[in-house]
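First the structure, in the form of structure tokens, and then the observations on it.
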Amino acid sequence: NGAYCNTCTAHTSRQEHHLAQEKQGSIMNAYATGLDKNSANHIPLSPVSFLARAAAVHPDRVAVIHGPVQFTWRETEARCRRLASALRAHGIGPGATVAALLPNTPPMIEAHFAVPGIGAVLATLNTRLDAHALRFMLRHGEAKAILVDREFADTLRNALAGIDHDVLVVNVDDPLYTGSGDAIGTIQYEDFLASGDPTMPLSGPVDEWDAICLNYTSGTTGDPKGVVYHHRGAYLNAVSQVLEWDLPKHPVYLWTLPMFHCNGWCFPWTIAARSGVNVCLRKVEAAAIFDAIRAHKVTHYCGAPIVHAMLVNAPADLKTGIEHTVHAMVAGAAPPAALIEGMEHLGFEITHVYGLTEVYGPAAACEKQESWAALPIGERAAKNARQGVPYHLQEAVTVLDPATMEPVPHDGETMGELMFRGNIAMKGYLKNPTATEAAFAGGWFHTGDLGVVYPDGYVKIKDRSKDIIISGGENISSIEVEDALYRHPAVLAAAVVAKPDARWGETPCAFVELRSGTTATAEEIVAHCKTLLAGFKVPKTVIFGELPKTATGKIQKFELRKRVGSASAVDV
Numbered sequence: 012n013g014a015y016c017n018t019c020t021a022h023t024s025r026q027e028h029h030l031a032q033e034k035q036g037s038i039m040n041a042y043a044t045g046l047d048k049n050s051a052n053h054i055p056l057s058p059v060s061f062l063a064r065a066a067a068v069h070p071d072r073v074a075v076i077h078g079p080v081q082f083t084w085r086e087t088e089a090r091c092r093r094l095a096s097a098l099r100a101h102g103i104g105p106g107a108t109v110a111a112l113l114p115n116t117p118p119m120i121e122a123h124f125a126v127p128g129i130g131a132v133l134a135t136l137n138t139r140l141d142a143h144a145l146r147f148m149l150r151h152g153e154a155k156a157i158l159v160d161r162e163f164a165d166t167l168r169n170a171l172a173g174i175d176h177d178v179l180v181v182n183v184d185d186p187l188y189t190g191s192g193d194a195i196g197t198i199q200y201e202d203f204l205a206s207g208d209p210t211m212p213l214s215g216p217v218d219e220w221d222a223i224c225l226n227y228t229s230g231t232t233g234d235p236k237g238v239v240y241h242h243r244g245a246y247l248n249a250v251s252q253v254l255e256w257d258l259p260k261h262p263v264y265l266w267t268l269p270m271f272h273c274n275g276w277c278f279p280w281t282i283a284a285r286s287g288v289n290v291c292l293r294k295v296e297a298a299a300i301f302d303a304i305r306a307h308k309v310t311h312y313c314g315a316p317i318v319h320a321m322l323v324n325a326p327a328d329l330k331t332g333i334e335h336t337v338h339a340m341v342a343g344a345a346p347p348a349a350l351i352e353g354m355e356h357l358g359f360e361i362t363h364v365y366g367l368t369e370v371y372g373p374a375a376a377c378e379k380q381e382s383w384a385a386l387p388i389g390e391r392a393a394k395n396a397r398q399g400v401p402y403h404l405q406e407a408v409t410v411l412d413p414a415t416m417e418p419v420p421h422d423g424e425t426m427g428e429l430m431f432r433g434n435i436a437m438k439g440y441l442k443n444p445t446a447t448e449a450a451f452a453g454g455w456f457h458t459g460d461l462g463v464v465y466p467d468g469y470v471k472i473k474d475r476s477k478d479i480i481i482s483g484g485e486n487i488s489s490i491e492v493e494d495a496l497y498r499h500p501a502v503l504a505a506a507v508v509a510k511p512d513a514r515w516g517e518t519p520c521a522f523v524e525l526r527s528g529t530t531a532t533a534e535e536i537v538a539h540c541k542t543l544l545a546g547f548k549v550p551k552t553v554i555f556g557e558l559p560k561t562a563t564g565k566i567q568k569f570e571l572r573k574r575v576g577s578a579s580a581v582d583v
């Protein structure tokens, strides 16, 4: 599959092979002499460059829409330059951390270019975190400045109370925010921009390996880890998004995915690369999404399975009037085949991608084959539910035995750990060399996801290592049980965890959130599962209610484990 050197062992990269040969003197030729890098033939890769091109080539095209507010690419570039200039005037420079506690609004887009444009590092913070978590991140990342929306000012005020270094606070008073809360700090964002120079160029990094962003994981067993991205990886993943999605010129992209999550999967830079339109959205609600799709002829959006499920199950009157093709990208938990079927019935074309914070969001995609189009929708959805193959600009995603680091058979049955290798991988964890070394052990990034490889080379997650249920010595995939649950017409969302059992050790416990206006009993859910699963895989307990979710729509299984007293009620 191109992931390995043809003349080396299976887990030795081509680069490692050729470096070893060079050290041995076996690669000696004229091409290695007098052909050095210089400013004419080598420019460090950075996604910041996409902004300058969009503004130069399409200056008058709309770049950002936020309610009644619109900015062209020329105006957006000028605003980014002003922000960069104002930050620099306040002593922010290369290597400094600038945090952002913002919803999907224009300032968040501007920060993605202005901050790295002066060599600083952007730390986008989860807006749903409490003051304690934010305080740790601001301390750990040594933030020198923070942009904060008024909605989150009170939380930030409490977080800053425990910070022992100076932090420049710039308040963003979004006119579309109608809630309560007093602004924090004395500097207003628009005034801050007005003080900056709109002609100051945004410079690229000295080295494309320089840090561009800091993203914190959402672990609950100890402090979160700070994932550091580099300019090269951000550039390559942004371009890969264009390739994986066949993204046309001037797409209209709706911001349903939080930009604080893996920097919006690198889409602030991707949309600039195609001179597209960013349609901002403060809150993810079905009515607002469908309204925006109709009003702005949205062509693309991204989200976790729960976001797409919300649209599939929305009232019929909200879905009317959409006559153009909408392309949706789904990631997060493995989407059940039933959800993919539902999106097709809605008329949305869905692309399934896979990744983690450590690989800039998605770095693998389920690339569709032409032959799949002739399959029945159920079979087609099952193929589309796989995590797939590596992004064009990622070297490899595969499944290895974590003990031996050898590839598992491509039989769709033998499980191992999904691992990534390539240019779309983090620099490492900030101030945590032990965790960094463990994550890259054996020359691969370890995801912690268990999966298989099919004969066609496509990978599929079977479960997180901590989500496998061992009942009477038999392994049960929670994802397989969840897929069966999603096929019940009343189920909106479902999660399955291990529940301690005196006889079997563990048994599957299903948490089910029903669609509005529907009813179901535990007995009906169990009977439904028995038609699709082997008896030992059927949930022994069914609990109804709203499921706890992260800001990006992922179901928080660790919370559910706590509720049933699971011995593995942790998340990392």
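Heads up: the sequence shown begins at 12 in the numbering used here, then just goes up one per residue. Every residue, glycine too, gets a C-beta built ideally from N, C-alpha and C.
Any chance the stretch 190-208 sits against the stretch 219-226, with 3 or more Cβ pairs inside 8 Å? no
Going by DSSP, what residue range makes up the beta strand (DSSP E) through Arg432? It spans Gly427 to Arg432 - the beta strand (DSSP E) in which Arg432 sits, taken as one unbroken run.
So Met340 is in the beta strand (DSSP E); what residue range does that whole segment cover? Element bounds for Met340: Val337 to Val341.
What's the call for Gly106, buried or exposed, on a 16-neighbour Cβ count within 10 Å? exposed
Extent of the continuous alpha helix (DSSP H) run through Thr166: Ala164 to Leu171
C-alpha gap between Val364 and Gly45, whole angstroms: 43 Å
In the DSSP output, what is Lys471 paired with across the bridge? Val463
Going by DSSP, what residues sit across from Asn137 in a beta bridge? According to DSSP, which records beta bridges pairwise, Asn137 is partnered with nothing at all.
Among Phe456, Trp383 and Val309, which has the Cα closest to the Cα of Leu367? Phe456
Between the alpha carbons of Asp47 and His53, how many angstroms are there, rounded? 9 Å
I'd like the span of the alpha helix (DSSP H) that includes Gly389, first residue to last. In the DSSP assignment, Gly389 falls within the alpha helix (DSSP H) that extends over Ile388 to Asn395.
If you measure between the beta carbons of Ile487 and Pro519, is that distance less than 8 Å? yes
Short check: CB of Arg397 to CB of Lys471, under 8 Å? yes
Nearest-angstrom Cβ-Cβ length linking Ile157 and Leu112, presumed shorter than 8 Å: 6 Å
Identified DSSP bridge partners for Pro511: By DSSP's assignment, Pro511 forms a beta bridge with Glu517.
Beta-ladder partner(s) of Phe278, from DSSP: Phe278 pairs with nothing; no bridge assigned.
Taking 6 Å as the limit between beta carbons, can you name the residues of its chain near Trp266, skipping five residues before and five after? Asn115, Cys291 and Leu292
Do Val178 and Ile195 have their C-beta atoms closer together than 8 Å? no
For Gly576, does the three-state DSSP call read helix, strand or coil? In the structure shown, Gly576 sits in coil (DSSP, three-state: anything other than H, G, I, E or B).
Following the continuous alpha helix (DSSP H) through Phe359, name the residue where it begins and the one where it ends. It is not in any alpha helix (DSSP H) - Phe359 instead sits in the beta strand (DSSP E) that spans Phe359 to Leu367.
How many angstroms separate the CA atom of Val575 from the CA atom of Pro186? 44 Å
I want to check one thing, is the minimum distance from the CB of Thr415 to the heavy atoms of the ligand HEM below 7 Å? Summarising the ligand content, the structure contains no ligands, and the ligand HEM is consequently not present.
Which residue wins for smallest C-alpha separation from Gly207, given the options Ile103, Tyr188 and Leu94? Leu94
In chain order, what residues of the same chain lie with their CB nearer than 6 Å to the CB of Phe359, ignoring the 5 residues before and after it? Taken in chain order, the residues that qualify are Val337 and Ala339.
Three-state class that DSSP yields for His101 in the structure shown: coil
Tell me the residue span of the beta strand (DSSP E) that contains Cys540. Here Cys540 belongs to no beta strand (DSSP E); instead the alpha helix (DSSP H) covers Ala533 to Lys541.
Between the beta-carbon of Val238 and the beta-carbon of Glu428, is there less than 8 Å? no
For the beta strand (DSSP E) that contains Leu237, what are its first and last residues? According to the sequence provided, residue 237 is Gly. The question's Leu does not apply to it. Counting along the chain, the beta strand (DSSP E) containing Gly237 begins and ends at Gly237 to His241.
Just grab the DSSP bridge partners of Asn226 for me. Val238
Cβ neighbours of Gly389 in the same chain (closer than 6 Å, five flanking residues each side left out): none
Hey, could you find the ends of the beta strand (DSSP E) His595 is sitting in? Nothing about residue 595 can be read from this structure; the chain reaches only from 12 to 583.
Cα-Cα separation, Arg572 to Thr561: For Arg572 and Thr561, the distance between alpha carbons rounds to 15 Å.
Going straight from the alpha carbon of His403 to that of Gly190, what length do you get? 43 Å
Coil, strand or helix - Thr87 by DSSP: helix
Exposed unless 16 or more other CB atoms sit within 10 angstroms - verdict on Arg285: buried
Let's see if you can read the secondary structure: which residues bound the beta strand (DSSP E) around Val301? Here residue 301 turns out to be Phe, not Val, going by the sequence shown. Per DSSP, Phe301 belongs to no beta strand (DSSP E); it is in the alpha helix (DSSP H), Ala297 to His307.
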